[in-house]
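Novice: full-length UniProt numbering applies: residue 1 is where the sequence shown begins, and numbers increase by one. This is the structure I have questions about; it appears just below.
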Amino acid sequence: MLGPVILAASRSDRMRRLISAAPVTKQVVDRFIPGETVDEIVPIIQDLSGRGLELTMDVVGEDITRPEQAAAARDAYLALIDRLGELELGTRAEMSVKLSMFGQALEGGHELALANVRPVVEAAAAIGTTVTLDAEDHTTLDSMFAIHEELRKDFPQTGCVIQAYLFRTETDARRLAESGSRVRLVKGAYKEPAEVAYQQKHEIDKAYVRILKVLMEGAGYPMIGSHDPRLISIAQELARTAGRKLDEYEFQMLYGIRSDEHLRLAAEGHRMRVYTAYGTDWYGYFMRRLAEKPANLRFFARSMITR
Ligand code: FAD
1 MLGPVILAAS RSDRMRRLIS AAPVTKQVVD RFIPGETVDE IVPIIQDLSG RGLELTMDVV
61 GEDITRPEQA AAARDAYLAL IDRLGELELG TRAEMSVKLS MFGQALEGGH ELALANVRPV
121 VEAAAAIGTT VTLDAEDHTT LDSMFAIHEE LRKDFPQTGC VIQAYLFRTE TDARRLAESG
181 SRVRLVKGAY KEPAEVAYQQ KHEIDKAYVR ILKVLMEGAG YPMIGSHDPR LISIAQELAR
241 TAGRKLDEYE FQMLYGIRSD EHLRLAAEGH RMRVYTAYGT DWYGYFMRRL AEKPANLRFF
301 ARSMITR
């Protein structure tokens, strides 16, 4: 029951100010967002990569309100890509971006987001890697898919995310499951109304399996974004049934969540990519992680009380 309340708070400016300023928050935040600057995140990238894990890098930030913030987001990704180029990781470290951080919700936002994200995709391609467009709330998705299609004309490896909780997603998956496409399937992390999304966990899980089957049987490259042990073993079974080899799909999990499982799957020969977020504008990302598991909230609350 707490999840929806926390998700509502994740969009509240008042709560953002309150929680961001709380003196102990940073130490709790570090579990999910292990750095604020490129210099702080590079050793983490090297460590994960040294353990046989791949990465998708997220510079935290979303829902910006001024065009100069979109330009700053672009520049932050370009600076990161410069450093990744020096590390020569190729596709072992790709980027994840939220288009609302590139100006999507502003006046003329669709074009602005496309104009800002294109140089990031170009720079990623220049160092031999790629970008995946994260999925945000359902009102942003038509624009996200149109930008994805546009970028794929020049950079076919550009990936996108689909969310199992949305009724529309099975249709989106059928359209996207084509040769050369890279699609990450997740359950969905936003507060969505009953008109557009399943609300019950068992319905979302069932939809996840249906959609994953579409992706596995299709011609694209499925990226399984989940920590759910049941879904992970179903994914392995579906991959076997579809005759996919280990390098024809991958698992993805978030930094700080079920880290032992990252290593276990990698040791079994699976491609395991860790979604690693860093930066200073961590509020929205952090609150979604709290909403996913109420025990996180208790840990967070305790850290404030026992200070
Ligand atoms: P759940 O049933 O929520 O969790 C399964 C188990 O995993 C839990 O029992 C618990 O042990 C563990 N777990 C899950 N979440 C947490 C947590 N926060 N803290 C501690 N333990 C936890 N959502 C979007 O809407 N758009 C995106 O673009 C997007 N990108 C993502 C990228 C990746 C790589 C991943 C892994 C998730 C992404 N998500 C995204 C979030 C996703 O939608 C879910 O909210 C999140 O993954 C939790 O769902 P689950 O599949 O892990 O299953």
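For every residue, glycine included, the Cβ atom is placed at its ideal position computed from N, Cα and C. Everything numeric in this text was worked out from a predicted model, so none of it was measured.
Could you have a look at R14 and say whether DSSP puts it in helix, strand or coil?
Specialist: Looking at R14 - three-state DSSP - the assignment turns out to be helix.
Novice: Can you tell which of M101, L53 and R240 has the C-alpha that lies nearest to the C-alpha of A71?
Specialist: Out of M101, L53 and R240, M101 has the C-alpha closest to the C-alpha of A71.
Novice: Where does the unbroken beta strand (DSSP E) through V274 begin, and where does it stop?
Specialist: Taken as a continuous stretch (DSSP letters only), the beta strand (DSSP E) holding V274 covers M272 to Y278.
Novice: In the stretch 177-261, which residue ranges form an unbroken alpha helix (DSSP H) of at least 4 residues, counting only runs that do not cross its ends?
Specialist: Fully enclosed alpha helix (DSSP H) runs of 4 or longer: 201-217 and 229-241.
Novice: Using alpha carbons as the reference points, say which of A173, Q46 and S12 lies closest to M223.
Specialist: M223 has its Cα closest to that of A173, out of A173, Q46 and S12.
Novice: Return yes when at least one heavy atom of ligand 1 lies under 7 Å from the C-beta of A194, else no.
Specialist: No, since every heavy atom of ligand 1 falls outside the 7 Å radius drawn around the Cβ of A194.
Novice: In whole angstroms, what separates the C-alpha of Y278 from that of E268?
Specialist: Taking the straight line from one Cα to the other gives about 28 Å.
Novice: Could you check the C-alpha separation between D58 and E40 for me, to the nearest Å?
Specialist: Going by the C-alpha atoms only, they are around 14 Å apart.
Novice: What is the DSSP secondary structure of E54, reduced to helix, strand or coil?
Specialist: Here E54 sits in strand by DSSP.
Novice: According to DSSP, is E94 part of a helix, a strand, or is it coil?
Specialist: Reduced to three states, the DSSP call for E94 is strand.
Novice: With a threshold of 7 Å (Cβ to nearest heavy atom), would E292 be considered close to ligand 1?
Specialist: Yes, Cβ of E292 sits closer than 7 Å to a heavy atom of ligand 1.
Novice: Report the rounded CA-to-CA distance for F145 versus G109, giving the unit in angstroms.
Specialist: Roughly 14 Å separates the two Cα atoms.
Novice: Could you check the C-alpha separation between D205 and L231 for me, to the nearest Å?
Specialist: Approximately 8 Å between the Cα atoms of the pair.
Novice: Going by the C-beta, is L253 closer than 7 Å to any heavy atom of ligand 1?
Specialist: A small fix is needed here, since residue 253 is Met in this sequence, not Leu. Indeed, a heavy atom of ligand 1 lies less than 7 Å from the Cβ.
Novice: Just to confirm, is the Cβ distance from A123 to I162 under 8 Å?
Specialist: Taking 8 Å as the Cβ cut-off, A123 and I162 do not qualify as a contacting pair.
Novice: What ranges does the alpha helix (DSSP H) occupy inside the stretch 72-148, keeping only unbroken runs of at least 4 residues that lie completely in it?
Specialist: Segments of the alpha helix (DSSP H) lying fully in the stretch 72-148: 109-126.
Novice: Between the C-alpha atoms of K98 and T241, what's the straight-line distance to the nearest angstrom?
Specialist: Their Cα atoms are separated by approximately 33 Å.
Novice: Which one of Q157, P119, A105 and S96 has the shortest CA to CA distance from residue 309?
Specialist: Outside the displayed range of the chain (1 to 307) lies residue 309, so it cannot be described from this structure.
Novice: Quick check: L89 and S49, are their CB atoms within less than 8 Å of each other?
Specialist: In contact: L89 and S49 (Cβ atoms closer than 8 Å).
Novice: Apart from the five residues just before and just after L2, which ones in its own chain have a Cβ nearer than 8 Å to its Cβ?
Specialist: Cβ neighbours of L2 beyond the five flanking positions: A291, P294 and L297.
Novice: Return helix, strand or coil for R307, following the three-state DSSP convention.
Specialist: Because R307 carries a pLDDT of 47, less than 50, the predicted location of this residue cannot be relied on, and the following value inherits that uncertainty. Residue state, collapsed to three classes: coil.
Novice: Is the separation between the beta-carbon of M272 and that of E54 shorter than 8 Å?
Specialist: Going by C-beta atoms, M272 is nearer than 8 Å to E54.
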